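S.K.:
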Amino acid sequence: MGNITVIQSQKEGAVWHRQLPPVCFQPDINGEEMRLLMIYSDIRYQEVKGFGGALTQASAYCYDGLDEAHKQELLKLYFSKEGLAYNAGRTHIGSCDFSFGNYNYCVKKEESLDSFSLACDEDYVLPFLKQVTDYCVGSFSLFASPWSPPAWMKTNNSLIHGGELKEEYYPLYAEYLARYIKEYEKAGIRVDRITIQNEPKAVQTWESCIYTPEQEKRFICDYLYPRFQKEGINTKIIIWDHNKERVFTRARAILSDPAAREIVSGIAFHWYSGDHFENLRLCWEFFPDKELLFTEGCVELTTTATSMAEKAAQSGNQKADVENSPWEFGEYYAHDMIGNFNNGMSTFIDWNLALDMQGGPNHVGNYCSAPVICDIQEQKLYLQPSYYFIGHFSKFIPIGSRRIAYSTYNGDLMTSAFITPEQKKVVVVLNKTGRDIPFTLKDEASDQIAFLTANAKSIMTLIYE
């Protein structure tokens, strides 16, 4: 089996992506029984479809404020093989909290959408998307979600504070979403997947709209899908796009209908309400033909309570925050990614690709961290812990990889394992504890073992054939 390539990031000394000396496999002469991490590469689960982040107006603004050299650096950091090797992204249909303000594409109350215009996206969002898709040379897949229908289509006549889509506007709103996809296509941007609403259970002080399961199913089956068919649109329709605590409840309510199950391609989810990995597993077990997509997660700097660490923003020194963000911000990503992958996730899409030194721009003060923070005034890019933790997955698990089975002797070794199209085994091991944890890697396909240690507060990626 040869040697194991070991890439490790460790809190001590803030060491990032350090390639350690290779570890040699050796014959398992004595039939090692203790401290085993077993890998079963012949037992294969879901296919990995890719990794990405959100191209919001805020991220696009930060990109636009960089000089040409730093623009290229940002693209390389995310979309090159040397960087995170992203191949996917998400954007907002109309405005979201990470926009300069509230907007949509059709402000006038009308029945024909004659006033429909992408003008609000032309300054920042569309140019950024074009730069990304050109850089990725055809390998980029875009996911799009509305935060709200136009205000005049809603029961509260507002883009914010929830409200519902008025039933009489179901047909016109379906046409509106189809028009968005067609207009983006004319601009050179293909939308591969869409949901009808970001967080359809949340009433927010920013753009939001409520859909019950029945409303979401009805709109998709009776209006949106027929409109897509009529206009020859093959964009995939995904449901939910909200937290995991109710993901299975929503999936079962919609996909128990045979017509809806035929139409819907996948289930999207966020992380803000906790782990709920069991809910993902239920979705995966009950609806194995549906892709599970993580479509949003971030460290919210304006949240006072946290299970990760004291928020960096509490210090009041924003520049110091981005240069010294807590290690736990990255651990949160790895913890969630491992749990999600082990329960059926196939695509990971982070929230904002880039934000400014305050964690914005954001028109409601809902500031967050991002893997890359841009100091536009000083023309500097600050890589946050999340960047490196995501990289332990995205850099080494290409599209077409399959998750494989494992078993570990110690529950503190959070683990997920994969086999690539080139038949390389990739094992990610997270140790959030304050102690070193030794383990013996054993691949069932051979009589070889390797002795390793997951250092305290570390994440490691192991690669072997």
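Converting from the sequence shown to the numbering used here requires adding 2 to each position, the first position being numbered 1. Idealized CB from N, CA, C, for every residue including glycine. All values reported here derive from a predicted model rather than from experimental measurement.
#1: Quick check: what's the CA-CA separation for LEU303 versus GLU233?
#2: Could you give the distance in angstroms between the alpha-carbon of GLN59 and the alpha-carbon of LYS13?
#3: Less than 6 Å between C-beta atoms, sequence neighbours within five positions excluded: which residues of the same chain meet that for GLY52?
#4: What are the boundary residues of the alpha helix (DSSP H) that ALA253 is part of?
#5: Can you tell me whether LEU22 is buried or exposed? The criterion is at least 16 other CB atoms within 10 Å of its CB, across all chains shown.
#6: In the DSSP assignment, what are the bridge partners of GLY54?
#7: Can you tell me the Cα-Cα spacing of ASP30 and VAL249, whole angstroms?
#8: Among the residues of its own chain, which have a CB less than 8 Å from the CB of GLY164, if the five just before and after it don't count?
#9: For the beta strand (DSSP E) that TYR408 lies in, which residues bound it at each end?
#10: With distance defined between alpha-carbon atoms, name the residue in TYR175, LEU257, ILE196, GLY190 nearest to PRO215.
#11: Could you tell me which residues DSSP pairs with ASP123 in its beta bridges?
#12: How many angstroms separate the CA atom of GLY361 from the CA atom of LEU131?
#13: For TYR213, name the three-state secondary structure that DSSP assigns.
#14: Give me the DSSP bridge partner(s) of TYR178.
#15: Just how far apart, CA to CA, sit LEU179 and GLU49?
#16: If you draw a straight line from the alpha carbon of PHE420 to that of ILE222, how long is it in whole angstroms?
#17: Counting only runs of 3+ residues fully inside the stretch 430–461, write out the beta strand (DSSP E) ranges in chain order.
#18: Where TYR369 and VAL301 are concerned, what is the direct C-alpha to C-alpha distance, given to the nearest angstrom?
#19: Indicate the three-state DSSP secondary structure (helix, strand or coil) for GLU166 in the structure shown.
#20: From the DSSP output, read off the bridge partner residues of GLN12.
#21: Got a sec, what are the start and stop residues for the beta strand (DSSP E) GLU298 sits in?
#22: Under the criterion of a Cβ to heavy atom distance below 7 Å, does ALA447 qualify as lining the ligand ADP?
#23: Strictly by DSSP, which residues pair up with SER85?
#24: Using only alpha-carbon positions, find the residue among ASN412, SER418, GLY413 that is nearest to SER396.
#25: With distances taken Cα to Cα, identify the nearest neighbour of ILE45 among ASN344, LEU415, ALA262.
#26: What is the C-beta distance between VAL468 and ILE6, in whole angstroms, given that I count them as a contact (C-beta under 8 Å)?
#27: Return helix, strand or coil for ARG37, following the three-state DSSP convention.
#28: Compute the Euclidean distance between the alpha carbons of GLU424 and VAL193, then round it to the nearest angstrom.
#29: So, THR442 versus GLU34, is the Cβ gap smaller than 8 Å?
#30: Going by alpha carbons, who is nearest to SER11 out of ILE191, ALA458, SER275?
#31: How big is the Cα-Cα spacing for TYR47 and TRP286?
#32: By the three-class DSSP mapping on this structure, what secondary structure does ASN245 have?
#33: Hey, is the stretch 185–192 in contact with the stretch 131–140, meaning 3+ C-beta pairs nearer than 8 Å?
#34: From the DSSP secondary-structure annotation, give me the bridge partner or partners of ARG192.
#35: Apart from the five residues on each side of it in sequence, which residues of its chain come closer than 6 Å, Cβ to Cβ, to ILE399?
#36: Kindly list the residues whose CB is nearer than 8 Å to the CB of ARG404, restricted to its own chain and excluding five residues on each side of it in sequence; keep chain order.
M.R.: On the basis of the coordinates in this document:
#1: 42 Å
#2: 33 Å
#3: ASN89, ALA90, THR349, ILE401
#4: 249–257
#5: exposed
#6: ALA90, ILE351
#7: 44 Å
#8: ASN158, ALA204, VAL205, GLN206, SER210, CYS211, ILE212
#9: 404–410
#10: LEU257
#11: In DSSP, ASP123 forms no bridge with anything.
#12: 21 Å
#13: coil
#14: BP columns for TYR178 are empty, so no partner.
#15: 29 Å
#16: 34 Å
#17: 439–445, 450–456
#18: 9 Å
#19: strand
#20: VAL17, SER460
#21: 293–298
#22: With respect to small molecules bound, the structure shown includes none, and the ligand ADP cannot be examined in it.
#23: A quick correction: the sequence has Gly, not Ser, at residue 85. None, per the DSSP bridge assignment.
#24: SER418
#25: ASN344
#26: The chain is shown from 3 up to 467; residue 468 falls before or after that span and cannot be answered.
#27: coil
#28: 29 Å
#29: yes
#30: ALA458
#31: 10 Å
#32: strand
#33: yes
#34: None, per the DSSP bridge assignment.
#35: VAL50, PHE420, VAL428
#36: ARG46, TYR47, GLN48, GLU49, VAL50, PHE420, ILE421
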